[in-house]
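Asks: Residues in the sequence shown are numbered consecutively from 1, following UniProt numbering. For glycine and all other residues, C-beta sits at the position ideal for the given N, C-alpha and C. Quick caveat, the model's predicted, so the values are computed rather than measured. Here it is, the structure, as structure tokens.
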Amino acid sequence: MAPKGRGGGETPKNLVRLVREALANSSQSAIARETGLTQSAIGRYSKGEGEPSQSTLEKLAKYFNVSVPYLRGEVEETLFTSDRAGDCVERISYNNMKLYEKYGNESEIIENMTLCLELMNIINETQKNEAEKAKKAAATLERFAEILNTNSEKATSD
């Protein structure tokens, strides 16, 4: 955490870094306007001064497209981005083609691909409405894991 500042508390390191990166491409006034915060608050957070309130963290998380736990340093990674999701879908598609070539069960492959596309849509929506959509994404991932586990068990028993 950064040093204590106005209002006490500390500014989370991830927030300090993100604000500084944003200031390299934008002004305090532009960031303040887009987040609904004051210019002085943006300036303080860029210096690591002061502890943002929960509502401020929520505004900043939305602006930076990350989660509040990420800003606080409670989790390592930012939200699952559509680029990362695309990479995963490409790998899953490749694996599905290999499964089809080896075992030929087209209906399961189609179901896997449908779930991949559904997951991509959910992840994209998650960036807009994190909490509710994250639950849907988790449920879809669980279904997908069950299907892959079933396919894997079938493949090893053949």
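Mark ALA138 as exposed unless 16 or more other C-beta atoms lie within 10 angstroms of its C-beta, in which case mark it buried.
Replies: Counting from 1 along the sequence shown, the entry for residue 138 is found at position 138. With fewer than 16 other Cβ atoms within 10 Å, it is exposed.
Asks: Identify, in the order they occur along the chain, each residue of the same chain with its Cβ nearer than 7 Å to the Cβ of ASN96, setting aside the five sequence neighbours on each side.
Replies: Position 96 of the sequence shown, counted from the first residue, corresponds to residue 96. Residues of the same chain with a CB within less than 7 Å of the CB of ASN96, apart from the 5 flanking positions on each side, are ILE109, ASN112, MET113 in chain order.
Asks: Taking all protein chains shown into account, decide if ARG6 is buried (16 or more other Cβ within 10 angstroms of its Cβ) or exposed.
Replies: As a first step, residue 6 must be located in the sequence shown, where it is residue number 6. Bear in mind that a pLDDT of 47 at ARG6, under 50, signals an unreliable position, so the model cannot answer this.
Asks: Cα separation between ARG91 and ILE122?
Replies: By one-based count along the sequence shown, residue 91 stands at place 91. By one-based count along the sequence shown, residue 122 stands at place 122. Going by the C-alpha atoms only, they are around 18 Å apart.
Asks: Kindly list the residues whose CB is nearer than 7 Å to the CB of PRO12, restricted to its own chain and excluding five residues on each side of it in sequence; keep chain order.
Replies: Along the sequence shown, read from residue 1 onward, the residue named residue 12 stands at position 12. Within the same chain, PRO12 has close Cβ partners MET1, LEU71, ARG72, GLY73.
Asks: Tell me, please, which residues DSSP counts as bridged to GLU49.
Replies: Counting from 1 along the sequence shown, the entry for residue 49 is found at position 49. In the DSSP output, where bridge partners are listed per residue, GLU49 has GLU10.
Asks: The alpha helix (DSSP H) that contains VAL68, what's its start and end?
Replies: By 1-based counting over the sequence shown, the position of residue 68 is 68. Note, VAL68: alpha helix (DSSP H), 68–72.
Asks: Determine the closest residue to SER26 out of GLU10, GLY9, SER46, ASN14, with distance taken between C-alpha atoms.
Replies: Here residue 26 refers to the residue found at position 26 when the sequence shown is read from its first residue. Here the closest residue by C-alpha is SER46.
Asks: For GLN39 and SER107, I'd like the C-alpha separation in whole angstroms.
Replies: For the purposes of this step, residue 39 is taken as residue 39 along the sequence shown, with counting starting at 1. For the purposes of this step, residue 107 is taken as residue 107 along the sequence shown, with counting starting at 1. Approximately 56 Å between the Cα atoms of the pair.
Asks: Which class does SER27 belong to by DSSP, given the choice of helix, strand or coil?
Replies: Taking the sequence shown and counting its residues from 1, one reaches residue 27 at position 27. Here SER27 sits in coil by DSSP.
Asks: Between VAL16 and GLY36, which are expected to be in contact by the criterion C-beta below 8 Å, what is the C-beta distance as a whole number of angstroms?
Replies: As a position in the sequence shown, residue 16 is number 16, starting the count at 1. As a position in the sequence shown, residue 36 is number 36, starting the count at 1. Rounded, the Cβ-Cβ distance is 19 Å, inconsistent with contact.
Asks: Any idea if GLU76 is buried or exposed, counting beta-carbon neighbours within 10 angstroms, 16 or more meaning buried?
Replies: Residue mapping note: residue 76 aligns to position 76 of the sequence shown, counting from 1. Flag for GLU76 reads exposed.
Asks: What residue from ILE147, LEU23, ARG20 has the CA that sits closest to LEU99's CA?
Replies: Numbered from its first residue, the sequence shown carries residue 99 at position 99. Of the listed residues, the one whose Cα sits closest to LEU99 is ILE147.
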